[in-house]
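Scroll down for the structure; my scribbles are underneath it.
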Amino acid sequence: MGSDAMGREGYRTLKDLRLEIEGKEGTFSICFWVYLMNSTTFPAIILHQVHSDISQSAPFLIINENKRVNILPVLFLHEEAPDTGSINSWTEVPHATVDFEFSLEKWVHVGCEVCPNNIRLQINGEIVAKKSLSSLLNKESNSSDLKKITLANVGGNGNNVQGYVHNFEVFHNVSFIKDHHLKDPPLKLSIDESAASEVEEESGGIWGIVGGKASCRRNFSLDVVLSDAFGQPVDKENEQVFASLVYADTGAPVENTSDDEAPLLSSYDGIEFSSRERPSKLLLGRASFKLRISQLSSKCDNRLFLIRFCVPKLGNYPFLQTNTCPIRCISRSRNTRLSTLVWKRSTYALQRLNLSQSSAMDDRSLEHTHSGHEEKTNPLMKRFRVGLDKISVSVNADSTKKQSGVECNSHVWIPNQVENGFPRSLDGRSLNFEEDAYPSESESIGERNSPSNSMGSRRYPISDITIFKYCLAGLTERSLMLKEIATSSSDREISELAHQVSHYSGCSHHGNQILSAKRLIEDGTNLWRAMSANNHHVPWESAVYEIEEQFMKIASCGSRSFSHQDLEILRRIAGCQEYLTQENFEKLWCWLYPVACIISRDWVNPIWNSTSPKWIEGFITKEEAEASLQGPAGFQEPGTFILRFPTSRSWPHPDAGSLIVTYIGKDYKLRHRLLSMDHIYGSDRRIDVKPLQDMLLAEPELSRLGRTMRSYKAHLQH
């Protein structure tokens, strides 16, 4: 082969391809991947035969006017070799041809086997054509002349071939190319139209997208896939995909708006950025975009747009770029719904669902999110940002007012699920969440009974696939979904989503997390802005006072503030030291907000504010609770218990903010049970319902309230 420099990832233009043949016995094979552009005109010679003894070349591999590939005899090897200098001379000599069209703008693997008595052509690893020929080796011609043959694309004579090649090789044995197409296949970037949403498909294949001013434009979603020639996604974790808006007719970039706003915007965590500044990272071969268009077609002489995606680090090649269909960007009232939506997420959504079902990593990793580990162990918050600018929600000015149905709770403890005074799941298993391998029985969707009434005929603005996806997703994906939904959906839509998820999951506490999403994000946004004043980090000692003030407002506990031990637990949950970053604050807020919500409930608020006895000492770990019940001389009396908030349950976990009873059983073993009084204190039948503390002491396995012994060295285990 020649010594021309090869492009990144092993690509080069077809016109730069030169293959030098060194075979002595008249046997050789060549193979390569080729990508031809639509601009190629036919007939087109892909490879010429070049020899030092002739002034002009002869064709070797050619695509005729019907787009059929043909391989021709070789000069100085076969009697039937074509004449030089004429592109049409090959039609008069024997040749091997295929009976199907050659694909354009698609990677095709080509293999050519040459022997003294025959030639064969392979396409994508399959022999598709062969031809028997007469050999010149035993005649006057000397086989050593074959060493001087070079195969190249030389152009000229009206031969207009626009294309690229990859992984080209020459072998002296025809058997070597059998599996060559399986090695190092080339890449291609494409748009997964099945994952598009909020795109109106008009006649003629034109997309209609609502854009323009910030008050009118809408998010739309597109997924871009980097795959190999066989269509399999290729994982390039460190690569970024860029999106840009160009004119469909010329490919020139679309200008900024009259307000000097970028024409294409990327939406991240509710904040808009110029798409040029915010690429999307590839994850398992896929990059997801949430985009908005600020420029209108009507402002650009009614011209159509395209969105162009590319991966610059992999090279500026056409196969590593991809364009959408032509786009007409229009302005509409933000309350007007699109008539024909391209909402086809089912294929990709189900793939993602399979991943969620097959791995419990997202749920189990929650047990470590507050342990001060590195960020990579906390996938829950990697993309969640509390600093959102555009959250549409109506909030009561009185932040201390109780919010019915918004609090984050845990499993229901009601009479038909009680054995020995403690709740069991519907299949009869003990709800000992902190001792089994699962994060919560609330997550065991398939084990819960759904309400008997059918809701199949009811339809809501949030699609069924979104509801189904949320029910089966892990905690990380749920948090991302709720973050997006909370910033783009109405209160009614969120309420319907919560209702449907509770229905299909068979657990109302999933719905509680959905209902609390807007308030959690808004309160967290406002609090971080007030504390940080646009700084990247805030001193912990000053931040905790504002966090405490907001907590007391939400929890309606004007008389009880954080203890020093409480602050130590909160610092560990946040994972910070002297300074609090936004990332630290988000971890803390997603744990603390549900706790504040549950304390605000009138069945918990009295025991939180109680000082004699002190029913809830404060924020403690599982280890501290167990150590307190053991005591210096062994376990305390059976029935001694402590109430605590589990430090491993953060929003949107269905048990976030719940209360746990840690107690000593009759067998002197430590037990942990989750409390939920929703169906007692949250129902309309609340006449003569006893206070929570009385109900606890009425349980046969609980007899006396224990005291908490705080440990500064305790680690956050649960």
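Residue numbers (the working numbering): 1 to 718. From the three backbone atoms N, C-alpha and C, an ideal C-beta is built for every residue, glycine too.
My output table needs one value for residue i: the three-state DSSP class, helix, strand or coil.
i	result
Asn-584	helix
His-166	strand
Ser-479	helix
Gly-720	Outside the displayed span of the chain (1 to 718) sits residue 720, for which this structure offers no information.
Val-224	strand
Trp-651	coil
Lys-518	helix
Trp-413	At Trp-413, the pLDDT of 34 sits below 50, so the modelled position is not reliable; the number obtained from the coordinates is stated separately. The answer is coil: DSSP assigns Trp-413 none of H, G, I, E or B.
Arg-18	strand
Cys-216	coil
Gln-122	strand
Lys-188	strand
Leu-72	coil
Trp-603	coil
Thinking C-alpha only, which one of the options is nearest residue i?
i	options	result
Tyr-268	Gly-285, His-509, Leu-226 and Phe-220	Phe-220
Phe-619	Gln-49, Gln-630, Pro-646 and Glu-586	Pro-646
Lys-67	Arg-478, Glu-541, Thr-97 and Glu-101	Glu-101
Ile-307	Tyr-317, Phe-319 and Pro-326	Pro-326
Gln-565	Ala-596, Glu-624, Leu-520 and Ser-559	Glu-624
Gln-295	Leu-264, His-95 and Thr-525	Leu-264
Cys-112	Ile-123, Leu-104 and Glu-105	Ile-123
Asn-117	Val-241, Tyr-317, Ser-132 and Glu-79	Ser-132
Ile-54	Ser-190, Leu-75, Glu-701 and Phe-60	Leu-75
His-48	Leu-245, Glu-79, Glu-80 and Leu-14	Leu-14
Gly-125	His-180, Trp-651, Glu-92 and Ser-135	His-180
Phe-152	Ser-258, Cys-31 and Cys-115	First, the amino acid is wrong: residue 152 is Ala here, not Phe. The candidate whose alpha carbon is nearest that of Ala-152 is Cys-31.
Ile-149	Gly-163, Glu-200, Glu-202 and Ala-58	Ala-58
Arg-673	Gln-232, Asn-584 and Leu-696	Leu-696
Glu-169	Ile-21, Ile-127 and Lys-614	Ile-21
Glu-637	Thr-611, Leu-702 and Trp-591	Leu-702
Lys-281	Val-311, Ile-271, Ala-262 and Phe-230	Val-311
Met-552	His-509, Ile-598, Val-128 and Thr-708	Ile-598
Lys-753	His-509, Glu-493 and Leu-475	In the structure as shown, the chain begins at 1 and stops at 718. Residue 753 is therefore absent and cannot be evaluated.
Leu-670	Glu-626, Ser-648 and Thr-708	Glu-626
Lys-614	Glu-255, Ala-243 and Arg-707	Arg-707
Trp-589	Arg-601, Asn-605, Ile-569 and Pro-606	Ile-569
Lys-213	Val-174, Ala-262 and Pro-233	Ala-262
Leu-222	Lys-183, Ser-650, Ser-244 and Thr-621	Ser-244
Quick check: what's the CA-CA separation for residue i versus residue j?
i	j	result
Leu-72	Trp-107	22 Å
Trp-603	Pro-539	35 Å
Val-110	Met-37	16 Å
Ile-330	Gly-208	7 Å
Asp-301	Arg-529	42 Å
Val-165	Asp-228	14 Å
Leu-692	His-536	43 Å
Trp-90	Pro-82	5 Å
Phe-273	Ser-266	5 Å
Ser-275	Arg-328	18 Å
Leu-291	Ala-195	13 Å
Asn-609	Ser-489	37 Å
Phe-171	Val-225	34 Å
Gly-204	Trp-33	33 Å
Gln-321	Val-501	39 Å
Lys-469	His-653	16 Å
Gly-511	Arg-601	17 Å
Identify every residue that forms a DSSP beta bridge with residue i.
i	result
Pro-59	His-48
Ile-177	Looking at the DSSP assignment, Ile-177 forms no beta bridge with any residue, so it has no partner.
Tyr-268	Ile-271
Arg-286	Val-225 and Leu-283
Lys-236	Bridge partners of Lys-236: none, in fact.
Thr-611	In the DSSP output, where bridge partners are listed per residue, Thr-611 has none listed.
His-672	Thr-662
Lys-725	Only positions 1 to 718 of the chain appear in the structure, and residue 725 is not among them; the question remains open.
Leu-728	The first residue shown for the chain is 1 and the last is 718, placing residue 728 beyond what the model contains.
Just to check my reading of the structure: residue i and residue j have Cβ atoms closer than 8 Å, yes? What is that Cβ distance to the nearest angstrom?
i	j	result
Val-50	Val-154	7 Å
Leu-498	Leu-515	The question names Leu, but residue 498 in the sequence shown is Ala. Ala-498 to Leu-515, Cβ: 5 Å. Contact.
Val-161	Thr-40	5 Å
Ser-297	Leu-304	7 Å
Leu-629	Phe-635	7 Å
Ile-521	Ala-555	That pair is no contact at about 18 Å.
Lys-744	Glu-239	The question about residue 744 has no answer here: the residues shown for the chain are numbered 1 through 718.
Val-241	Phe-309	6 Å
Thr-640	Arg-704	5 Å
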